[in-house]
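So the sequence shown is residues 1 to 290, counted in our numbering.
Take a look at the structure below.
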Amino acid sequence: MSREYPIIAVTGSSGAGTTTVKRTFERMFAREDVHAAIVDGDAFHRYTRDELARIFREEPERKDELSHFAVEANLLDRLEALFLEYGEHGTGTFRHYIHAEDKQMIEAGYRVGTFTEWQPLPCGTDLLFYEGLHGGLVTAEHDIARHVDLLVGVAPTMNLEWIQKIDRDIKMRGYSQEAVIDTILGRMGDYVRYIQPQFSRTHINFQRVPTVDTSNPFEVQDIPNDAESFVVIRFRDPSTVDFPWLLAMIQDSFMSRPHTLVVPGARMSLAIELILAPLVRHLLAQRRFR
1 MSREYPIIAV TGSSGAGTTT VKRTFERMFA REDVHAAIVD GDAFHRYTRD
51 ELARIFREEP ERKDELSHFA VEANLLDRLE ALFLEYGEHG TGTFRHYIHA
101 EDKQMIEAGY RVGTFTEWQP LPCGTDLLFY EGLHGGLVTA EHDIARHVDL
151 LVGVAPTMNL EWIQKIDRDI KMRGYSQEAV IDTILGRMGD YVRYIQPQFS
201 RTHINFQRVP TVDTSNPFEV QDIPNDAESF VVIRFRDPST VDFPWLLAMI
251 QDSFMSRPHT LVVPGARMSL AIELILAPLV RHLLAQRRFR
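What follows is the structure, given as structure tokens:
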């Protein structure tokens, strides 16, 4: 955990819905007048899209070892160094990875699949907010999770995660369905090795569970909407949670286990704010106390 400046990380797979949670945090930060340094995990990929394509053409056998989930395909040393430096001094360097939906960056002349230059974090921030694949990663060489004060996991049921990824990558990034499915299959080993273990280290997990048939996620279909799902919220330390208050505040919510709250999908954003806003205030209060 950070010794001076708090670090919040939202971790989850591609298509899991971490961006939705990020937007809820951003609204919360604006309302609470919290100045956050926001960092995108994709910025720590090792290769541009063109560099990866060239490697795969020249060394096709490396395709399975260089998925974005893999340690070898990411600058984990720079990510850990950022967390360490920010936790101690409130400083560090970051960059952006350009996606097809980053219209302003593209209009400014950046190409999809490339990076901006490394630059210093803004001065005078209250906390660091990271959203990406590896916020809770632990390997023999790196322990990213130990630097994080609040680690939030976003892990929908597997079929829903795949449906969301296929829909996003086709509609927003121009991939064919076959290409997206190939990517999912190629990353499966790294998903099991590097992504799933992180959800056992999180302080809180949000898992969206559909209430409609998603038996074949590779069939073209609409993403189940919020009203067609529940969100299962697991707390690592339930002793710190006021469950009676949450049950009273979130209509139709219920407890499925002593450490697990279930809420209707349409009330996910409300639940996130009610649960996380007090934790953010607590982190900032601890910092001011120091």
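For glycine and all other residues, C-beta sits at the position ideal for the given N, C-alpha and C.
- [ ] Please determine, among L283, A16, E273, the residue with the shortest C-alpha to C-alpha distance to A30.
- [x] E273
Task: Beta-carbon spacing of G87, Y5 below 8 Å - done: yes
- [ ] Say yes only if the C-beta of H134 is nearer than 7 Å to one or more non-hydrogen atoms of the ligand NAP, and no if none qualify.
- [x] This structure lacks the ligand NAP; in fact it carries no ligand of any kind.
Open item on the list: Taking contact to mean 3 or more Cβ pairs, one atom from each stretch, closer than 8 Å, check whether the segment 168 to 187 and the segment 72 to 85 are in contact.
Closed with: no
Task: Among L160, L133, L284, M28, the one whose alpha carbon lies nearest that of S67 - done: L133
TODO: Report the rounded CA-to-CA distance for E228 versus N205, giving the unit in angstroms.
DONE: 19 Å
Task: C-alpha distance - Y175 paired with H282, whole-angstrom precision - done: 43 Å
TODO: For P244, write down the residues that DSSP places opposite it in a beta bridge.
DONE: According to DSSP, which records beta bridges pairwise, P244 is partnered with nothing at all.
- [ ] Tell me whether D190 is buried or exposed, calling it buried when 16 or more other Cβ atoms sit within 10 Å of its Cβ.
- [x] buried
Task: Exposure label - G135; buried when at least 16 CB within 10 Å - done: buried
Task: From E85, M255, L84, A53, residue whose alpha carbon lies closest to that of A73 - done: A53
Open item on the list: Between which residues of its own chain and Y110 is the CB-CB distance below 6 Å, once the five residues before and five after are set aside?
Closed with: I98
- [ ] Could you give the DSSP three-state label for G186: helix, strand or coil?
- [x] helix
TODO: Would you kindly work out how many angstroms separate the C-alpha atoms of V34 and E51, rounded to a whole number?
DONE: 38 Å
TODO: Mind checking who H142 pairs with in its DSSP beta bridge?
DONE: In the DSSP output, where bridge partners are listed per residue, H142 has none listed.
TODO: Mind checking who D169 pairs with in its DSSP beta bridge?
DONE: Paired residue(s): none; D169 is not in a bridge.
- [ ] Note down, in chain order, each residue of its chain lying with its Cβ closer than 6 Å to the Cβ of K165, except the 5 sequence neighbours on either side.
- [x] S14, G15
- [ ] Could you name the residues of the same chain whose beta carbon sits closer than 7 Å to that of I223, not counting the 5 residues immediately before and after it, in chain order?
- [x] I163, Q164, D167
- [ ] With T48 as the anchor, note down where its beta strand (DSSP E) starts and where it stops.
- [x] It is not in any beta strand (DSSP E) - T48 carries neither H nor E in the DSSP assignment.
Open item on the list: Quick check on P258: buried or exposed, where buried means 16 or more other Cβ atoms within 10 Å of its Cβ?
Closed with: exposed
Task: Among I144, T20, T91, T18, nearest to A36 - alpha-carbon criterion - done: T91
Task: Alpha-carbon spacing of T48 relative to T116, whole angstroms - done: 11 Å
Open item on the list: Between K63, K103, V112, V39, which has its C-alpha nearest F94's C-alpha?
Closed with: V39
Task: Residues near F44 by beta carbon distance below 8 Å, same chain, minus five either side - done: N74, L75, L76, R78, L79, G132, H134
Task: For R234 and L261, the rounded distance between their alpha carbons - done: 7 Å
Task: Between the CA atoms of S269 and D242 - distance to the nearest angstrom - done: 18 Å
Open item on the list: Does V263 come out as helix, strand or coil in the three-state DSSP assignment?
Closed with: strand
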